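Numbering (the numbering used here), first residue to last: 13 to 494. Okay, so here's the structure we're looking at.
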Amino acid sequence: MSDPRKALEQKFNDRNRYSNFGPILRSIDIQGFRGVFKKISFNHPITAFSGLNGCGKSTIGQIAVCGYKKPSTSSNYRRYYINDFFPYSVADPNPFGPDSKVVYEYATSTPLESKTLTISRATSEWSGYKRQPERFCYYIGIAAYLPKVERRDFSVYLSRDISLGDKRVLDEEVKSKVKIILNQDYSDLFYQQILHKNKDAQLGMASKGSDTYSENNMGFGEGRIFYLVNLLENSPSQSLFVIEEPETSLHEDAQHEFTKYLLEICGRRNHQIVFSTHSSTILNALPPESRQFIYRKGNEIELYESISSTRARSILSRGHFRSLNICVEDEFAKYLLTEIIRKENQALLKTIMIESVGDTKAVLSAVRLLQKISVNVIAIRDGDIGDDRANSVYSLPGSLPPEKEVYLNPNVKGAIKCKYGIEIDAMLSLHPDLDHHDYTDLFSNEAETDAASFRSFAIDCYLSELKKEDYLDLVSVITERC
């Protein structure tokens, strides 16, 4: 069986993109909505945004679904506008700023050329909508499908008085997909018209053997999948879908199967799908180019494209799950490596576990043991030992043990003399046989401060002078292994 991911990648390449997907969104540049200032690229027909709550996932999806005007062929379709998602009131005076805008970028019939369009607030109204391309867009938030039991639909509170109308038969494709996703042996799935005086509605129905029941007696996950698959299959081709957390109420296998289905239907019906998720199962089922992770600190947003599912899980769990173990020799090496990573990519610290395990032999032994039990692990030894990359062994910057690299650095020696009045060279000359592992204790005792504070000060001074090229390769290796 052909891989739907590869087939979809072929349909989405620059040469074929417009002919298959039409004026699909290539990017949106968001400037000033709920504190989000970021250009977002869509590198695949399916884009999954993950991140901690409050990072901006929903904001991105809501702005995306406002990117198209109503198709001229539709009479009963209602498009989405910025005001639908960003209401301004005394309770919410700043959902956007006076200069907020969105720049949409769409694919065109000319490969590598795009059409851009800006939506901005001229006075009290947003302008620019009329020049948007046409497309059917669907926003599936949590409220898009609510069990009728919970919203007290007339099919529930008037259940004794309703009558049945026509039965709407579903395509075999829809029924087959729902069966596979939920791993349920349905004998039939269909929609049943229900009537009460001037009320008219439809109920999703399922049959298992001799038992038939409506969505009023389905679980939320079952009913929502029934609703989503029916919508994805029966909406016009080349539609845009924005879905909030498709994993809601689904067990892990159903999450995996639903993600496979999304890949398949994107290729078959040329939809674009954008969704938010906290599920590493869903992320793992997607190709790397579909995954984007948002890390937010205040109004600063970092975007990590093609993030691994294990690394995403590490950040989402706030470090309770670590995607990579790193073995180093001692505590000094551990803190130096920690600060090097913090300097380049602080979010990475939530995805790794750095452990000091002893001398270089102990490091190698620990790595081999952890590799045998399938733990994702690398070793980072002192700079004087060197790399052994074939065995996942790397080294800290420099050519000396880390204590010597730090304390013998001219900038560090000058800073320590200025703050603590200590001459590093003079002290070492008085202790010519001192092991470098004992440098911190000696210097901190002389400075009348605790060892951790002294070490931290020295490492900060060292890193302020360290060139980015001295450590960037090491951080890149760690990032790739997460």
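Note that CB positions come from ideal geometry on N, CA and C, so glycine has one too. Since the structure is predicted, the reported quantities are computational estimates derived from the model, not experimental observations.
How many Å lie between M13 and N311 at the Cα?
Translated into positions along the sequence shown, residue 13 becomes position 1. Translated into positions along the sequence shown, residue 311 becomes position 299. In this prediction, M13 scores a pLDDT of 46, lower than 50, which makes its location untrustworthy; no coordinate-derived value is stated.
Helix, strand or coil at A103 [DSSP, three-state]:
In the sequence shown, counting from the first residue as 1, residue 103 sits at position 91. If DSSP states are grouped into helix, strand and coil, A103 belongs with coil.
What do you get for R330, buried or exposed, if any count of 16 or more other CB atoms within 10 angstroms of its CB means buried?
To locate residue 330, count along the sequence shown from 1; it is residue 318. R330 should be labelled exposed.
Simplified DSSP assignment, three categories, for I174
Translated into the one-based positions of the sequence shown, residue 174 becomes position 162. Three-state DSSP puts I174 in coil, outside helix and strand.
Can you round the beta-carbon distance between F97 and Q74 to whole angstroms, since I take them to be within the 8 Å contact cut?
Position 85 of the sequence shown holds residue 97. Position 62 of the sequence shown holds residue 74. So it is a contact: roughly 4 Å between Cβ atoms.
Continuous beta strand (DSSP E) stretch holding P110: start and end
Here residue 110 refers to the residue found at position 98 when the sequence shown is read from its first residue. P110 -> beta strand (DSSP E) spans F108 to A119.
State buried or exposed for I255, treating a residue as buried only when at least 16 other CB atoms are found within 10 Å of its CB.
Taking the first residue of the sequence shown as 1, we reach residue 255 at position 243. Buried, because 16 or more other Cβ atoms sit within 10 Å of the Cβ of I255.
Quick check: the stretch 48-65 against the stretch 78-95, are at least 3 beta-carbon pairs closer than 8 Å?
Short answer: they don't touch.
Within this structure, are the beta carbons of L275 and P16 separated by less than 8 Å?
Counting from 1 along the sequence shown, the entry for residue 275 is found at position 263. Counting from 1 along the sequence shown, the entry for residue 16 is found at position 4. Taking 8 Å as the Cβ cut-off, L275 and P16 qualify as a contacting pair.
Who does K309 pair with in a DSSP beta bridge?
As a first step, residue 309 must be located in the sequence shown, where it is residue number 297. For K309, the pairing in a beta bridge is given by DSSP as E312.
From the DSSP output, read off the bridge partner residues of F253.
Taking the first residue of the sequence shown as position 1, residue 253 is located at position 241. DSSP, once it has assigned bridges, lists Y150 and I285 as partnering F253.
Round the Cβ separation of A119 and I36 to the nearest angstrom and send it over; I've been treating them as touching at under 8 Å.
Counting from one through the sequence shown, the residue named residue 119 turns up at place 107. Counting from one through the sequence shown, the residue named residue 36 turns up at place 24. Indeed, because the Cβ distance is near 5 Å, the residues count as touching under 8 Å.
At least 3 beta-carbon pairs within less than 8 Å: the stretch 122-130 vs the stretch 146-155
They do not touch, by the three-pair rule.
Contact defined as beta carbons within less than 8 Å: I believe Y483 pairs with I392. What is the distance between those atoms, to the nearest angstrom?
Looking up residue 483 in the sequence shown gives position 471. Looking up residue 392 in the sequence shown gives position 380. Not a contact, Cβ separation roughly 11 Å.
Is there contact here, the stretch 163-178 with the stretch 255-266, by at least three beta-carbon pairs under 8 Å?
No contact exists between the stretch 163-178 and the stretch 255-266.
Tell me the DSSP bridge mates of Q43?
Looking up residue 43 in the sequence shown gives position 31. DSSP links Q43 through a beta bridge to F49 and K113.
State the start and end residues of the unbroken alpha helix (DSSP H) segment that holds I352.
By 1-based counting over the sequence shown, the position of residue 352 is 340. Counting along the chain, the alpha helix (DSSP H) containing I352 begins and ends at E343 to N357.
Alpha carbon of N32 to alpha carbon of G235, nearest angstrom
Reading the sequence shown from its first residue, position 20 is the one you call residue 32. Reading the sequence shown from its first residue, position 223 is the one you call residue 235. If you draw a straight line from the Cα of N32 to the Cα of G235, it comes to about 31 Å.
With a floor of 3 residues, list each beta strand (DSSP E) that falls wholly inside the stretch 189-244, ordered by position along the chain.
Within the stretch 189-244, the complete beta strand (DSSP E) runs of at least 3 residues are 200-208, 211-220 and 223-226.
For E458: DSSP bridge partner residues
What you label residue 458 is simply residue 446 of the sequence shown in a count that begins at 1. Partner(s): none; E458 has no beta bridge.
Alpha carbons only, please: which of D445, M439 and H448 is nearest the one belonging to E458?
Here residue 458 corresponds to residue number 446 of the sequence shown, with the count starting at 1. Checked all of D445, M439 and H448; the closest Cα to E458 is M439.
At least three beta-carbon pairs within less than 8 Å, the stretch 56-66 to the stretch 284-294:
At 8 Å Cβ cutoff, the stretches touch.
DSSP has T130 in a bridge; who is on the other side?
Mapped onto the sequence shown, residue 130 falls at position 118. T130 is bridged to V115.
Beta-bridge partners of Q304, as assigned by DSSP
Residue mapping note: residue 304 aligns to position 292 of the sequence shown, counting from 1. DSSP output for Q304 lists F61 and E317 as bridge partner(s).
Quick test of your reading: L336 and N296, contact by CB under 8 Å. State the CB separation rounded to the nearest angstrom.
The residue labelled residue 336 in the question sits at position 324 within the sequence shown. The residue labelled residue 296 in the question sits at position 284 within the sequence shown. Rounded, the Cβ-Cβ distance is 16 Å, inconsistent with contact.
Residue interval of the alpha helix (DSSP H) (run including E477)
Taking the first residue of the sequence shown as 1, we reach residue 477 at position 465. Under the DSSP assignment, E477 falls in the alpha helix (DSSP H) whose first and last residues are A463 to E477.
According to DSSP, simplified to helix, strand and coil, what is N403?
In the sequence shown, residue 403 corresponds to position 391, counting from 1. It is helical.
For my contact list, S456 and D447 are in at a C-beta cut-off of 8 Å; report their separation, rounded to the angstrom.
Position 444 of the sequence shown holds residue 456. Position 435 of the sequence shown holds residue 447. Rounded, the Cβ-Cβ distance is 15 Å, inconsistent with contact.
Okay, do the stretch 424-435 and the stretch 398-410 touch, 3+ Cβ pairs below 8 Å being the bar?
Touching, no.
Tell me where the beta strand (DSSP E) around A155 begins and ends.
Position 143 of the sequence shown holds residue 155. Boundaries for A155: no beta strand (DSSP E) harbours it, and the DSSP string shows neither H nor E there.
Rounded separation between Q205 and D223 - CA only
Position 193 of the sequence shown, counting from 1, holds the residue named residue 205. Position 211 of the sequence shown, counting from 1, holds the residue named residue 223. When the Cα atoms are used, Q205 and D223 turn out to be separated by approximately 19 Å.
What is the C-beta distance between V424 and A464, in whole angstroms, given that I count them as a contact (C-beta under 8 Å)?
Walking along the sequence shown from the start, residue 424 turns up at place 412. Walking along the sequence shown from the start, residue 464 turns up at place 452. V424 to A464, Cβ: 16 Å. No contact.
Chain-order list of residues whose beta-carbon lies under 6 Å from that of F333 (same chain, five-residue window excluded):
Indexing the sequence shown from 1 puts residue 333 at position 321. Excluding sequence neighbours, F333 sits near R325 and S326.
Residue environment, E137, which counts as buried when at least 16 other CB atoms sit within 10 Å:
Mapped onto the sequence shown, residue 137 falls at position 125. With a threshold of 16 other beta carbon atoms within 10 Å, E137 falls short and is exposed.
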